[in-house]
Amino acid sequence: MPSPLLIALAIVLLYILNSIKVLKEYERAVVFRLGRVRHSASGPGVILVFRPIDQIVRVSLRQEAMEVPSQDIITRDNVTLKVNAVITMRVVDPVKAVVEVSNYVYQTSQFAQTTLRSVLGEVDLDELLAHRDRLNQRIQVIIDGHTAPFGLKVVSVEVKQVDMPENMLRAM
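Using my numbering, the letters of the sequence shown correspond one by one to residues -4 to 167.
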């Protein structure tokens, strides 16, 4: 029959082994100790997370491509279009990305949709088709300005597809 000391030692050993977390090169961990953020993000490599005192949130530092769903836009010359875009972003400050907003991807998506509608609604159809790169840059600067406070960097914005109504295509 095992002694109580041996059982206690085995439990402590298992607890310590369970506390070891390995973070990949592109991951950082925001560790909350008793609800408060511990200094800066941890990782990559081996870190210790002592549950239930510590909680961990893993954040990827890799670039993510996010598709902005099709938006109905009325241009300045009253042409109705469906436009979608792709945003490339990455986390530069994991602590801010976790603490400042509840879901940084969702918030960026919502802001990208409204920015896409407002910026493209200010231009004519000809300008939208001819100067897409300038509009992409303008949208990127606006979105990046709003996502920087919560630790995100918008790397690029590309208007992917512009769908015109059928009757307008026939008229052209």
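Even for Gly, the Cβ is constructed at its ideal location relative to N, Cα and C.
Query                                                                                                                      : Result
Integer Cβ distance of A80 from V152, believed to fall under 8 Å                                                           : 6 Å
Secondary structure, beta strand (DSSP E): runs of 3+ residues fully inside the segment 4 to 38                            : 15 to 18 and 22 to 28
Own chain, CB closer than 7 Å to L9, minus 5 neighbours either side, in chain order                                        : none
Backbone secondary structure at L120 - three-state DSSP                                                                    : helix
Three-state class that DSSP yields for L0 in the structure shown                                                           : helix
Pairwise C-alpha distance: A3 and P135                                                                                     : Just to set this straight, residue 135 is Gln in the shown sequence, not Pro. Approximately 57 Å, taken between the alpha carbons.
Integer-rounded CB distance, given that V25 should sit under 8 Å from V32                                                  : 6 Å
Strand pairing of K77, partner residues [DSSP]                                                                             : D67 and D158
Option nearest G116 by Cα separation, candidates D72, E95 and D88                                                          : D72
Where the beta strand (DSSP E) containing D49 begins and where it ends                                                     : D49 to S55
Chain-order list of residues whose beta-carbon lies under 7 Å from that of L111 (same chain, five-residue window excluded) : V63, Q66, V78, A80 and I134
Alpha-carbon to alpha-carbon, R129 and A143                                                                                : 21 Å
Burial state of A36, where buried means 16 or more other Cβ atoms lie within 10 Å                                          : buried
Y99 versus I137: straight-line alpha-carbon distance, rounded                                                              : 16 Å
Nearest to S104 (by Cα), restricted to the options I69, E59, V93 and L123                                                  : E59
Three-state secondary structure assigned by DSSP to G146                                                                   : coil
C-beta contact flag for D119 and T70 at 8 Å                                                                                : yes
Cβ-Cβ distance between Y21 and S55 below 8 Å                                                                               : yes
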